[in-house]
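Undergrad: Okay, handing you the structure first.
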Amino acid sequence: MPRNFNPAWKEPRLVLRAVIFTLLAANLAAAVMAFKPFGGSPDDLRREEASLAQQLTSLRDRVAKDKLLVAKMQSARKDTDQFLTTYVTDERFGASTLLGELDRIATEAGVKELPTGYSEKDIEGSGGMKMITVTAGCEGSYLSLAKFINLLDKSPRFLIIENLATAAPQQNGAALNVQIKIDTFMNHGEVNP
C-alpha cells in the first residue's frame, strides 16, 4: 500500500456526513413512532372503535344502575319516615301517649294495672331515637291477661314484649299477677326531611 493512500473512513467530512445522516434517520424513525402521523390501519381503527363503544356501554350501564340505586334509596327514606311517623312516638308526647295506650289496652282487656316503671336509653347512631323499656305489673284472670297480651301485640304503636315473668296466683285464687317488660321507641325530634 502506498503511503499517500488515505482510506475514505478517515476523511473527516465523510465521517461527519455519515453521523449526521444516521442521526437524521433515527430522529425521523422516533418521530414516526411517537406521533403516528399516518393514523392506524383500518383494523386498528376498528378495534379502537369497538373498545370505545364497549367503554361507553359500560358507563351507560353504570349510570343506569346508579340512578336505580338513588331511586331505591329515596323510596327507602320515604318508607322509613312513614314508618317512624306511624309507629314511633315523638318524645314531646311520648310518656303520655305510651301510658295512655297501656291504660286503654288494660281497660279493654279487663286487667288491673299495678305500678309501672320505665327507663330510657339513647340508641347510638340512630339520629335521635330512644328505646323505652316499660316494666308493668298486671292483675287479672287468665283470659283477661291473654287478651291484654294479644292487644299489646296488635297495638298501633310499635310495642315489643321483651319478657313476661311467671304468673303468680293471688290468694283469692281467681286472679293472676304478671310482670311484663315492654320495649318501644321514641323519636327525639322531627322525622328526617
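Under my numbering, think of the first position of the sequence shown as 6, with each following residue one higher.
Where a beta carbon is used, it is the ideal one built from N, C-alpha and C, also for glycine.
Note that the structure is predicted; figures quoted are calculated from it, not measured.
Drop a sphere of 10 angstroms on the beta-carbon of Val-116, count the other beta-carbons inside from all chains shown, and report buried for 16 or more, exposed for fewer.
TA: Flag for Val-116 reads buried.
Undergrad: Just list the residues that DSSP pairs Ile-166 with in beta bridges.
TA: According to DSSP, Ile-166 bridges with Ile-187.
Undergrad: Spatial neighbours of Asp-127 within its chain, please: C-beta separation below 7 angstroms, excluding the five flanking residues on both sides.
TA: Excluding residues within five positions, the ones whose Cβ falls inside 7 angstroms are Lys-135.
Undergrad: Starting from the Cα of Asn-168, find the closest Cα among Leu-157, Ser-101, Pro-161 and give me that residue.
TA: It is Leu-157 whose Cα lies nearest to the Cα of Asn-168.
Undergrad: Could you please give the first and the last residue of the uninterrupted beta strand (DSSP E) stretch that includes Lys-117?
TA: Segment 117-127, the beta strand (DSSP E) holding Lys-117.
Undergrad: Taking the beta strand (DSSP E) that Glu-144 falls in, what are its first and last residues?
TA: That run of the beta strand (DSSP E) goes 134-145.
Undergrad: Strictly under 7 angstroms for the Cβ-Cβ distance: is Ala-170 near chain D by that measure?
TA: The structure shown has no chain D; it contains just one protein chain.
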